[in-house]
Each structure stands twice: as C-alpha cells, then as structure tokens.
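Undergrad: Heads up, the working numbering is the position in the sequence shown plus 2, with the first residue counted as 1.
Backbone N, C-alpha and C define an ideal beta-carbon position, used for all residues, glycine too.
Computed from a prediction, not measured in an experiment: that's the story for all the values here.
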Amino acid sequence: MSQFLLQLINGLNIGSIYALVALGYTMVYGIAKLINFAHGEIIMVGSYTVFVCTTMMGMPIWLSIPVSIVVCAVLGICIEKIAYKPLRSASRIYLLITAIGISFFLQSLFQLIFTANPKSFPTIIQLPALTFGEFSISANYYLTFVVSVVLMIILDRFVKLTKTGRAMRAVSEDQGAAQLMGININRTISITFAIGSALAAVAGILYSSSYPLINPFMGSTLGIKAFIAAVVGGIGIIPGAVLGGFILGIIESLTKAYISSQMTDAIVFLVLIVVLVFKPAGLLGKNRKEKV
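1) Report back the beta-carbon spacing between residue 122 and residue 215 to the nearest angstrom; my notes put them in contact at under 8 Å.
2) Between which two residues does the beta strand (DSSP E) holding residue 2 run?
3) Under 8 Å, with one C-beta from each stretch per pair, do the region 73–82 and the region 202–211 reach the 3-pair mark?
4) Under 8 Å between the Cβ atoms of residue 286 and residue 218?
5) Which complete beta strand (DSSP E) runs does the region 211–280 hold, if anything under 3 residues is left out?
6) Would you report the Cα separation of residue 108 and residue 134, rounded to the nearest angstrom?
7) So does the region 28–42 actually touch the region 7–16, counting three or more Cβ pairs closer than 8 Å?
8) What are the start and end residues of the alpha helix (DSSP H) that includes residue 28?
9) Which value, in whole angstroms, describes the spacing of the CA atoms of residue 143 and residue 182?
10) Using a Cβ-Cβ cut-off of 7 Å (strictly less than) and excluding sequence neighbours within five positions of residue 210, which residues of its own chain qualify?
11) What residues match up with residue 121 in a beta bridge as DSSP calls it?
12) Spatial neighbours of residue 25 within its chain, please: C-beta separation below 6 Å, excluding the five flanking residues on both sides.
13) Would you mind stating whether residue 20 and residue 179 have Cβ atoms separated by less than 8 Å?
14) Between 126, 102, 4 and 253, which has its C-alpha nearest residue 55's C-alpha?
15) State yes or no: is the C-beta of residue 42 within less than 8 Å of the C-beta of residue 248?
16) Going by C-alpha distance, which of 208, 170, 130 and 162 is nearest residue 186?
17) With a floor of 3 residues, list each beta strand (DSSP E) that falls wholly inside the region 129–174, ordered by position along the chain.
18) At 4 residues or longer, and completely inside the region 31–93: list those alpha helix (DSSP H) runs for me, N to C.
19) Quick check on residue 97: buried or exposed, where buried means 16 or more other Cβ atoms within 10 Å of its Cβ?
20) Name the residue from 198, 172 and 236 whose alpha carbon lies nearest to the alpha carbon of residue 280.
21) Near residue 212, what residues of its chain come up, given a Cβ to Cβ distance below 6 Å and the 5 sequence neighbours on each side ignored?
22) Could you check the C-alpha separation between residue 106 and residue 4 for me, to the nearest Å?
23) Hey, could you find the ends of the alpha helix (DSSP H) residue 178 is sitting in?
24) Please report how far the alpha carbon of residue 116 lies from the alpha carbon of residue 184, in whole angstroms.
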C-alpha cells in the first residue's frame with residue numbers, strides 16, 4: 003500500500019505538469035481551432051529563459067520566473083502573428099505543417115545557441131517537505147499540484163466571468179458572428195496565445211525543478227503527452243485538460259512501477275486509442291452535430 007501511494011503521488015506530480023501544458027493546448031484549440039504543436043518548444047524556451055536569467059545574468063529567482071512567463075507570452079503572440087495569422091483561412095493541414103516547422107526551428111535555434119548538451123537547471127523551490135507518518139512529500143510535488151489546480155480555477159473563472167473571457171467563448175462558437183458583434187478577433191486570439199504560452203512557461207519551470215536537466219528537445223515528448231492528456235479529458239474544455247493530465251500521469255507512474263518502464267508510452271497511447279474509440283470527444287467532452 004505504501005508503494006502504491008508513493009506511485010500515486012509521483013503520478014499526480016507529473017500529471018500536474020501535463021495538466022498545465024494541456025491547458026495551453028485547450029485554450030488555443032478552443033478559441034482558434036488550432037493544434038499548436040510548437041507548444042512543447044515554448045516549454046523549453048521558458049526553462050532556458052530562467053537558466054539564462056539566473057546562471058548567466060545573475061538575476062534572483064523571484065525575478066527570473068516572471069521574466070520567463072513574459073518572454074513565453076510574447077513568443078506565443080509573435081508565433082501567432084507571424085506564422086498562424088496569415089494562414090487562418092487556409093486549410094488546417096497547412097497550419098499543422100507550419101506548427102511542426104516552428105517546433106523544429108526553435109529546437110534547432112536553441113541547439114545552435116546552447117548546444118545539445120544538457121544544462122543544470124537552478125534550484126528554485128526551497129520549501130520544506132510535508133511529512134505524514136512514514137511519507138514525505140517533496141515541495142516540488144505538492145507545489146506543482148497546487149499551482150496546476152489553482153491556475154485551472156483562475157482560468158475557468160476568467161473565461162466564464164470576464165469580458166475578455168466572454169469574447170473568447172464567442173470567438174470559439176462563431177468567429178464571423180463575434181466580429182459582427184464588435185469583438186476584435188485578432189486581439190482575442192493573441193490574448194489566447196499569450197495565456198497558453200504563459201502556462202507553458204510555468205509548466206516548464208515546474209518540470210525543470212523536478213527534473214533539473216534541460217536540453218533543446220525537452221519539450222517534444224512532454225508536449226505530445228500533454229496533448230494526449232488534453233484529448234483524453236476533452237480538448238477545448240478546461241477541467242477536462244486537468245483531469246486528463248492527472249489520469250495520464252497516474253497511469254504512467256503505475257505502469258513504470260508495476261508493469262514495465264519500457265511499456266509506458268505504449269500504454270499511454272493505448273489509453274488514447276481506447277478513449278477515442280468509445281468517447282471521441284474526451285471524458286468531459288460532448289459530441290456536437292454540425293450542419294452540412
């Protein structure tokens with residue numbers, strides 16, 4: 003039982019990171035109907051920004067974290083303006099190819115600047131561990147979980163209660179009708195990319211705190227698994243992204259502990275296939291009929 007609880011805690015830790023990244027996918031897809039496969043590389047940029055600020059520039063941790071979030075938010079806006087906006091009315095396959103191209107571009111750029119050798123990420127969380135009898139929960143674990151849940155709640159309230167959030171929901175439903183009602187489509191989509199990229203920065207920082215070696219390719223696998231989490235929970239649905247992240251993290255942790263670490267990715271993709279077969283819209287998603 004103690005081994006099971008330990009693996010459950012490990013699963014919630016990595017699942018919380020998947021949830022944060024999945025929130026970014028969900029935001030962008032829900033508003034712009036775009037799968038931003040460059041999202042994983044924004045995670046990498048967030049981690050490297052903290053590394054540069056603290057290690058090379060000597061900035062304190064409390065300042066490097068907001069700098070990283072702002073850098074990623076601005077990067078997300080730039081990617082949307084330069085790469086995605088001109089193709090907004092094009093076929094989705096062109097947007098997909100563009101996203102993959104941006105992903106490879108960022109990987110190659112950071113490999114050119116920092117080389118492919120892993121870099122040691124600075125220690126940014128210096129809180130005491132929580133002890134419950136024989137269990138000790140690292141600060142990285144409980145802080146990651148709390149941050150993901152709090153950000154989910156804030157994001158959900160933001161989308162439902164604020165003027166900008168209502169504009170996002172209107173654009174998600176019908177961009178043409180939203181524009182006729184006076185909503186600035188371009189500004190709304192840019193804000194969506196900024197929020198999604200800022201969440202990616204937070205996820206990158208927390209992930210690098212738990213696994214303190216960063217490299218230019220670190221966001222690829224993390225981004226793919228977070229995308230799977232978003233699909234499993236119901237892409238476009240904020241609570242679904244978090245639920246999918248937690249489920250995927252727990253499955254991954256239990257698989258490594260009780261089956262085989264080599265089977266982890268296979269079982270993760272098997273879960274995705276099963277969900278798509280029996281509930282294509284995701285666990286919290288609803289099937290929508292479209293008029294043709």
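TA: Reading off the structure:
1) 7 Å
2) The structure shown does not extend to residue 2, since the chain is modelled only from 3 to 294, so the question has no answer here.
3) yes
4) no
5) none
6) 43 Å
7) no
8) 4–34
9) 46 Å
10) 49, 123 and 216
11) 216
12) 201 and 243
13) no
14) 126
15) no
16) 170
17) 132–134 and 137–139
18) 41–53 and 63–81
19) buried
20) 236
21) 142
22) 42 Å
23) 177–182
24) 45 Å
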